Amino acid sequence: MTAIDLDGVTKRYGDVVALDDLDLTIDDGEIFGFLGPNGAGKSTTINILLDFVRPTAGSVEVLGMNARTQSQAIRARTGVLPEGFQVYERLTGRQHLQFAFESKGATQDMDALLERVDLLDAADRKAGGYSKGMKQRLTLAMALVGEPELLILDEPTTGLDPRGAREVREIVRQERERGATVFFSSHILEQVQAVCDRVGILREGELVAVDTIDGLREAAGGGSSLSVTVDVATDEAVDAVRSMDGVHEVTVQDSTLSVRCEEGVKTRVITTIEDAGVTVEDFSTEETSLEELFMSYTGEEVQA
Amino acid sequence: MSWAAVAKKDFQDAVRSRALWGLSVVFLLFALVTTYAYVEFPDMLAGGDQSGVGLALYLAGIAGLFVSLAAILVAYRALAGERESGSIKLLLGLPHTRTDVVLGKVIGRSGVLMLPILVAFVLAGVYAALSLDPFGMADYLIFVLMTLVLALAYVCIVVGISGSTGSTSRASALAVGFFLLFELLWDGISIGVVYVANGFSLPATFPDWLFVVNQIPPSSAYSTALFAVIPDAMGSGGAGGIDAFYGTPWLGVVMLAFWIVVPLAIGLRQFNAADL
């Protein structure tokens, strides 16, 4: 089963192309991370899934239903944490949840839900006085009402401290275990990397990559780099390393070889150098950081 | 039935508006003072013959003014405000259609506006009924009911305006513009229309159709409609003194129906088509 299916979706605002021919399929039961810098089109995509905005072209199906004509039925089975929302300042947290319960015809335990997002103590205060993080958690609770099949969370960790963000990821995992599909957008890679089965990276309205984190790392040009200090960096040794399978790039500076390669060949790189008659004095290894990976796709500075 | 949840939420939210409460207290005082004056000084105000219908027609003036102003206050942000702040995404993230949202808004905000009207007119009515004998309670109750219809019409107008834009400053400008045009300037405009239609001079007698033009403002339509629905007021006015098929106070009822349906339909259409 397919939870979300976008086919050739384009959205233009006047001359501005917010989304350009987007194709994306998300399977039932997976946690999908939707990544990209601010303004890449993540929220536009989500707004189209929820029929908040209408695509200029393309077809959109959510839970097997037409996003445009069957939106109410889709939203009856979906929990939504939208981007750029505001709570009702004059209503209490509990009244917000009450409204979500009535709207969805849900019957679960409201206090347990408030507890789950750590808002039980503040439930009877007006939401206008909540902090940004509390508003975020209140909205997350509203999204969880009625045990939805699909959760659409647009930047759910914005405004949360690291602990709050970790709790959100924990909830996302629990929801997936319950059987829900989770579509989770973020401009911060590490928020997504920790929980997602697959990620899609959006850049200027175009999907530039869809893969698992490991797959992306590999596709981005080798997961690791190895730095080897030798007594003399002979051409023979460098050529031997360059010709190895799994080695992408070798650069030499003075007596240090920097080798970009796949994870599994590091040891063989060392032995190859030694076999060429060169003494290895020291070596260090580092994984390509995910931030570098993200930057390599988006061509932009990663925002913290 | 999804509009019911929206209406309830919206009522809870809008009823907490301080500005509305301030205006309502002023309205309550006006209604009571007016009723007091009507009861205590019959020679000056009632022309000697006090009754429920007399009080009703007397209160209709301030009701029209209050309802139009309060409706703007209560409803101009109904949809535009939710779009501007982004709370519309919270609302529509839940399984409501946009039409449900608009209907829920109309019901919720009407409830909020009807509350002070009922409080003020019930208190005024009880006071008048205890002081006057006979009073004509049925006539008075029909008047109160008709005032609630005016409130509904005005909420439909302002929610319609609010649904046509995503900006509250635009919504308030449009709503205030509506008030200025139809409630303050309309008499001058209708005379101006006659003046132009008559070749830039005022005729000796006004044409019959001026009666129709004069019923366009919602509160005028309401005042006229009172003569159609209050039994003891029938035949005593609201027909414009003209001999045409439209020379009937029912024209006021028709006009109110127009205001309930048309602006809301336009606003709903725009809201349904909008990117939020």
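In order, the protein sequences belong to chains A and B.
Quick note: the first sequence uses the numbering used here, first residue 1, plus one each step.
Quick note: the second sequence uses the numbering used here, first residue 305, plus one each step.
All residues carry an ideal CB built from backbone N, CA and C; glycine is no exception.
All figures in this text were calculated on a predicted structure; none of them were measured in a lab.
### Task
Return yes when the Cβ of B:Y342 is within less than 7 Å of the Cβ of B:L359, no when it is not.
Yes, these two residues count as a Cβ contact at 7 Å.
### Message
If I follow the unbroken beta strand (DSSP E) through A:V168, where does it start and stop?
### Response
Where A:V168 is concerned, there is no enclosing beta strand (DSSP E), although the alpha helix (DSSP H) around it starts and stops at 162-178.
### Task
Identify every residue that forms a DSSP beta bridge with B:A374.
For B:A374, which the question treats as bridged, DSSP gives no partner whatsoever.
### Nearest-angstrom Cβ-Cβ length linking B:A457 and B:L560, presumed shorter than 8 Å
Contact flag correct, Cβ pair sits at about 5 Å.
### Interface positions of the region 382-413 of chain B facing chain A (Cβ-Cβ less than 7 Å), listed along the chain
Listed in sequence order: S389, G390, S391, K393, L394, L396, G397, L398, P399, H400, T401.
### Task
Classify A:L81 as helix, strand or coil using the three-state DSSP reduction.
Three-state result, A:L81: strand.
### Query
If you check the beta carbons only, do A:A3 and A:D23 fall under 7 Å apart?
A:A3 is not a Cβ neighbour of A:D23, given a cutoff of 7 Å.
### Query
From the DSSP output, which residues share a beta bridge with A:D7?
According to DSSP, A:D7 bridges with A:S59.
### Message
With DSSP as the reference, identify every bridge partner of A:L259, one or two as the case may be.
### Response
Here the sequence assigns Val to residue 259 of chain A, which means Leu is not the residue at that position. A:L226, A:V250.
#### Entry: Nearest-angstrom Cα separation, counted from A:V232 out to A:V278
C-alpha of A:V278 to C-alpha of A:V232: approximately 7 Å in a straight line.
#### Entry: CA-to-CA distance, B:G542 to A:V62, given in whole angstroms
Each residue's alpha carbon lies about 57 Å from the other.
### Task
Round the Cβ separation of B:L336 and B:A455 to the nearest angstrom and send it over; I've been treating them as touching at under 8 Å.
About 19 Å; that fails the 8 Å criterion.
### Query
Are the beta-carbon atoms of B:V406 and B:L572 separated by less than 7 Å?
Their beta carbons are under 7 Å apart, which means B:V406 touches B:L572 by this criterion.
### Task
Run down chain A in chain order and give the residues with a C-beta less than 7 Å from the C-beta of B:Q316.
At a C-beta separation below 7 Å, B:Q316 has these neighbours in chain A: L91, Q95.
### Task
Starting from B:A477, follow the alpha helix (DSSP H) in both directions and report where the run begins and ends.
Per DSSP, B:A477 is one residue of the alpha helix (DSSP H) stretching across 472-483.
### Message
With H, G and I counted as helix, E and B as strand and the rest as coil, what does DSSP make of B:S328?
### Response
B:S328: helix per DSSP, three-state reduction.
### Message
Here's the rule I'm using: 16 or more other beta-carbon atoms within 10 Å means buried, otherwise exposed. How should A:H248 be labelled?
### Response
Classification for A:H248: exposed.
### Task
Following the continuous beta strand (DSSP E) through B:F425, name the residue where it begins and the one where it ends.
B:F425 -> not in any beta strand (DSSP E); alpha helix (DSSP H) instead, spanning 402-435.
### Task
Report whether the distance from the Cβ of A:G128 to the nearest heavy atom of the ligand NAD is below 6 Å.
No copy of the ligand NAD occurs in the structure displayed, which carries no ligand at all.
### Query
Mind checking if B:A323 is an interface residue toward chain A, Cβ cutoff 7 Å exclusive?
Chain A contact via Cβ: absent.
#### Entry: DSSP state of A:L138 mapped onto helix, strand, coil
In this structure, A:L138 counts as helix in the three-state DSSP scheme.
#### Entry: Minimum Cβ-Cβ distance from A:L99 to chain B less than 7 Å
Looking at the sequence shown, residue 99 of chain A is not Leu but Phe. For A:F99, the answer is yes, since a Cβ of chain B falls inside 7 Å of its Cβ.
### Task
Could you tell me whether any Cβ in chain E is nearer than 7 Å to the Cβ of A:Q174?
No chain E is present in this structure, whose protein chains are A and B.
### Query
Just by C-beta distance, which residues in the region 121-142 of chain A are closer than 8 Å to chain B?
Residues T139, M142.
### Task
Would you be able to state if there are at least three C-beta pairs under 8 Å between the region 313-333 of chain B and the region 105-122 of chain A?
By the criterion of at least three beta-carbon pairs nearer than 8 Å, the region 105-122 of chain A is not in contact with the region 313-333 of chain B.
#### Entry: Nearest to B:P522 (by Cα), restricted to the options B:L394, B:S391, B:C460, B:L396
Residue B:C460 is the option with its Cα nearest to B:P522.
### Query
How would you call B:L489, buried or exposed, if buried means at least 16 neighbouring beta carbons within 10 angstroms?
Exposed, by the Cβ-count rule.
### Task
Would you mind telling me which residues of chain B sit closer than 7 Å to A:K104, beta carbon to beta carbon, in chain order?
Against chain B, a Cβ distance below 7 Å from A:K104 picks out L398, P399.
### Query
Checking contacts by CB at 7 Å: is A:P82 closer than that to chain B?
Chain B, which has a Cβ nearer than 7 Å to the Cβ of A:P82, makes this yes.
### Message
Counting only Cβ-Cβ distances shorter than 9 Å, please list the residues of the region 38-64 of chain A near chain B, keeping chain order.
### Response
Taking 9 Å as the Cβ-Cβ cut-off against chain B, the residues of the region 38-64 of chain A that qualify are N47, L50, D51, F52, V53, R54.
### Query
DSSP three-state call for A:E301: helix, strand or coil?
Confidence at A:E301 is low in this model, with a pLDDT of 49, below 50, so its placement is unreliable and the value that follows should be read with caution. A:E301 falls in the coil class under three-state DSSP.
### Query
If we call anything under 7 Å between Cβ atoms a contact, is A:L153 one with A:T78?
No, they are not a contact pair.
#### Entry: Contacts around B:G556, its chain only, beta-carbon distance under 8 Å, and the 5 residues preceding and following it disregarded
If we look at B:G556 and ignore the five residues flanking it on each side, its Cβ neighbours are Q519, S524, A525, Y526, S527, T528, A529, L530, F531, A532, G542.
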